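Residue numbers in the sequence shown follow the working numbering, run continuously in steps of one, and reach 1014 at the last position.
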Amino acid sequence: MCGIVGYIGEKPAAPIVLEGLAKLEYRGYDSAGIAVYDGKEIITKKAAGRLAVLENLTHSGENMPGFSAIGHTRWATHGVPSDLNAHPHTNGDGTIVVVHNGIIENYMALKNKLLGKGYSFASETDTEVLAHLLDYYYKGNPLQAITKVLHRVEGSYALGIMFADHPEELYAARKESPLIVGHGEDGCFIASDVPAILKYTRKVYYLENQEIAMLKKDEVSFFTVDEEPTEKQAVTIDWDANAAEKAGYEFFMLKEIYEEPKTVTDTISPRIKNGEVVIEELNMTDDELKAISRIHIVACGSAYHTGVTAKYIIEGMLRIPVEVDVASEFRYRDPILSPSDLVIVVSQSGETADTLEAVRESKAKGLKVLAIVNVVGSSIARESDSVFYTWAGPEISVATTKAYSAQLAAFYLLAIRFGRARGVIDDARMKSLLEDLQALPDQIELLLGQKEKIQHFANRYIAAKDVFFIGRGIDYAIGLEGSLKLKEISYIHSEAYAAGELKHGTISLIEPGTLVVAVATQPDLFAKTVSNIEEVKSRGAFVMAVAERGRKEIEKAADYVLYIPHTNPYFANSLAIIPLQLFAYYVSVGKGYDVDHPRNLAKSVTVE
Ligand code: F6R
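Structure below.
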C-alpha cells in the first residue's frame, strides 16, 4: 500500500520517479502525484485514479523538467481518494513538499494547534499536517526541522521531503513503514521497495526506525532523530530485475502461479541435506524443540490460511496443540501465552501491521517468535527471533499465490524438523515424507498442464453470484484459500465451509445451479465429504470436486471432477490449491478485470 519513489541526480527526475512508481503499482493505490524542483521552484502535480492519469498529465514526466523529484501512489486512509488528498502535500507557499506512507495518529491534535497558529489546510489527510509542521519548525536547516517534527508525531511514517531553498538535497525518514535508499551511478534514490529502483542501482540501504537520510546527487548520509550522524552498511541486491517483470504473461498472477514449482523447490531443496531437514536459521536445539508445549500461529488473510493448514499437520503429526489466530484478533484478545510456547508468524510482505504487532506483543511477553517471511530485511523479519525465509522472490500480484505455496512448504519442513527432534518421525516415515515433499514441484507442474480445462470450466461461471467451498480437515483449509482467491479477484461472493457445518444453516442458500466446490483429498474424510456433496446435489447445486487421482467413485456424486496426483495427505493443499488458483484467475480474466489489482485491496497492509 502506498508507494514512494524519489530521485536526485544527473538525469531528468520525473520520468525516473514515474517509472519507479509503476514498479510499485502492485502495492495497491487509488491516486498518484509527483513534485519536481524545476530550477526555481517545486512544481506539484497529482490526480486521483491510476498512474496513467498522472502520466498523461505530465507527458510521462517530460513536461516536468528538473533533476530532483519525489512521487507517491496513495492508498487512502485519512480522506477519500481524490486529487486534493493525493500526495505530495505542501506547506502554504509550496516551498516544503512531503510524501508519506503510514498514519500520523496524533494528527488531529497537531492540526488543531496549527489551525490555532493561522495555518490552513487544503486536504483531509494526516500527511498535510507534516508539511505545515515542517514549515512551523523550519528556520533554514532542513535536518533540524525534520527531527523536531519527528519528535512531535506519533504513528507510522515513511517520508520523502524536499525544501525549495535546499534544492541540492532530498530527505527521507521512516518509522514502521518500509523505506529504502539507493545509491546509483547517476544519482540517489528513495523507494518503498527495491523493484522501483533496481534498474538504476543494486546498492541499497534499509532505513531503520526513526532514521533520517539526506540524499545529494552523489552521496547519502544518515542521521538519528537527534541529528547525530550514523554509519550504515549498504546491501547488494542480487535478484534479477526480470524477476519483477511480467515475462510475457498477461498478468503477474498467472506468471506467479507458473512459478510455483520453482518456488516450492527453492523453499524445500536447500533445507534437505543427507535425508534430513536442516533449518539452520531456526536457531533452536532439539531440546528446545522438545520443550515446546503449544504453538500459536498468527497471520492475516492467505498467510492465516496456511496456518489453519499447519494446525491440522502439527497437531496430527506431532500432537503439539496449535492455536491459529488472525493477527488483528490476537493482538487485542490478551492471548494466554506461557514461556514454553512458540509463536510462529507468517507474512509474505513482512510488513503487515497487525502481524508485526503480534510479533511485538509476543516478544514483550517473553516468547520466542519464529517468522515465516518472504521479503528479506522486512520489519517482521528484523524484529522476530528467527526467520524462515520462503525465497519465493518478489510477488507482484496483489492476490498471493506463490508466496502462499512457499509458506505451506515452510510449514511442512518445520513440522518434519520438529517431529524428528521430538522423536515422532522414524527413519522409514522420514524417507516417505521427504519423497512426497520432493515430488511436489513436478506434481504442481502437471496440474498447471490442466490450465485449458480449468479455463473452460471457469468461463461457465463468470456470471455466478454465489459460490460455496466445502471440505473437511485440511480440505476445509484449502477451501478457505480457494474461496478467498475467487472472491478477491472476481468479486463473486463466495464462502468456505467445513463440509459438516453446511447443514447448520448455510445449506438454505443452495439453489438450483449454485456452484459448490468440494475439496475431497483427505482419505479418512473422503466418504463423509461425498455425503455432503450428495446433500447439496439434492438441493440442485452444481458440484465441482477436487479429489485424488483414482477416487473415481466421486464421479457418481459430483458433476465435474479435477484430479490431483497422489501425495501424503498432509501435503495435499499444495496440489489442490493450484486448480483453485487457476479457476479464480480465469473467472477474473473472463470478467475482464484487472486481475493483479483487485479493487480496494493492497499488497502490503501496513495499517491495522
Ligand atoms: C490474499 C492476500 C492477503 C495476504 C494478507 C497477509 O490473496 O494476499 O490475504 O495474504 O494480506 O499479507 P502478508 O502475507 O504480506 O502478511
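Beta carbons: idealized from backbone N, C-alpha and C, even for Gly. These numbers were taken from a predicted model, which means no experiment stands behind them.
| query | Taking C-beta to C-beta, are H495 and R480 nearer than 7 Å? | reply | no
| field | T712, buried or exposed, once every other Cβ within 10 Å from all chains shown has been counted against 16 | value | buried
| field | Reduced DSSP secondary structure (H/G/I, E/B, other) of A816 | value | helix
| query | From this set, N512, L430, E851 and I939, which residue's C-alpha is nearest G477's C-alpha? | reply | L430
| message | So for D692, helix, strand or coil by DSSP? | response | helix
| task | Closer than 8 Å by C-beta to A812: which residues in its own chain qualify, once you throw out the five before and the five after it? Chain order, please. | result | T669, V670, D672, T673, N780, T796, W797 and A798, listed in sequence order.
| Any heavy atom of the ligand F6R within a distance shorter than 6 Å of the CB on T758? | yes
| Residues near L660 by beta carbon distance below 7 Å, same chain, minus five either side | So the list reads Y991, once near-sequence residues are dropped.
| query | How many whole angstroms separate the CB atoms of E617 and R580, which I take to be in contact at a CB cut-off of 8 Å? | reply | By a beta-carbon distance limit of 8 Å, E617 contacts R580. Their separation comes to about 7 Å.
| Who does N507 pair with in a DSSP beta bridge? | A564.
| query | From this set, V1011, D1002 and T1012, which residue's C-alpha is nearest E662's C-alpha? | reply | D1002
| said: Measuring only from the beta carbon, is V793 closer than 6 Å to any heavy atom that is part of the ligand F6R? | reply: no
| message | Runs of 4 residues minimum, wholly inside the segment 870–904: which ones carry the alpha helix (DSSP H) assignment? | response | 880–896
| query | Does the Cβ-Cβ distance between K554 and Y563 come in under 7 Å? | reply | Their beta carbons are not under 7 Å apart, which means K554 does not touch Y563 by this criterion.
| Any non-hydrogen atom of the ligand F6R within 6 Å of S900 CB | No, the ligand F6R has no heavy atom inside 6 Å of this Cβ.
| query | Taking just the CA atoms, how far does V949 sit from F727? | reply | It is worth fixing the name first, because residue 727 is Pro in this sequence and not Phe. Going from the Cα of P727 to the Cα of V949 covers about 34 Å.
| message | Considering only heavy atoms of the ligand F6R, does any lie closer than 6 Å to the CB of G707? | response | Yes, the Cβ of G707 comes within 6 Å of a heavy atom of the ligand F6R.
| Hey, is the segment 462–469 in contact with the segment 506–520, meaning 3+ C-beta pairs nearer than 8 Å? | no
| Quick one: Cα of R433 to Cα of L908, how far? | 36 Å
| request: Count the other CB atoms, across all protein chains shown, that sit within 10 Å of the CB of E634; report buried if there are 16 or more and exposed otherwise. | output: By the 10 Å Cβ count, E634 comes out exposed.
| Could you check where the beta strand (DSSP E) with S980 kicks off and where it finishes? | No beta strand (DSSP E) holds S980; the alpha helix (DSSP H) holding it covers A978 to G996.
| For L773, does the three-state DSSP call read helix, strand or coil? | Three-state DSSP puts L773 in coil, outside helix and strand.
| task | Would you mind reading off the limits of the beta strand (DSSP E) that contains K581? | result | First-last of the beta strand (DSSP E) with K581: L576 to K581.
| request: Reducing DSSP to helix, strand and coil, say where G722 ends up. | output: helix
| said: Strictly by DSSP, which residues pair up with C594? | reply: I414 and H589
| query | Are E511 and E582 touching if we call contact CB-CB under 7 Å? | reply | no
| task | Would you mind sorting D1000 into buried or exposed? The rule is 16 or more other CB atoms within 10 Å of its CB. | result | Result: exposed.
| query | For A528, which option in E841, I750 and S488 has the closest C-alpha, if you only look at C-alpha atoms? | reply | S488
| field | A705 beta carbon less than 7 Å from that of A733 | value | yes
| field | Counted within 10 angstroms of its Cβ, other Cβ atoms place S785 as buried (16 or more) or exposed | value | Of the residues assessed, S785 falls on the buried side of the cut-off, its CB having 16 or more other CB atoms within 10 angstroms.
| message | Counting beta carbon pairs with one atom in the segment 980–998 and one in the segment 840–858, are three or more of them shorter than 8 Å? | response | The segment 840–858 is in contact with the segment 980–998.
| message | Could you tell me the alpha carbon to alpha carbon distance between S746 and S768, rounded to whole angstroms? | response | 12 Å
| task | Let me know if E425 comes out buried or exposed under the rule of 16 or more other beta-carbons within 10 Å of its beta-carbon. | result | Answer is buried; the Cβ neighbour count reaches 16.
| If you draw a straight line from the C-alpha of N462 to the C-alpha of G412, how long is it? | 20 Å
| message | I believe R826 touches E687 by the beta-carbon criterion, under 8 Å. Please report the beta-carbon distance rounded to the nearest angstrom. | response | Not quite, the Cβ-Cβ distance comes to about 17 Å (not below 8 Å), so this is no contact.
| field | Where D731 sits in the DSSP three-state scheme | value | DSSP, read as helix, strand or coil, puts D731 in strand.
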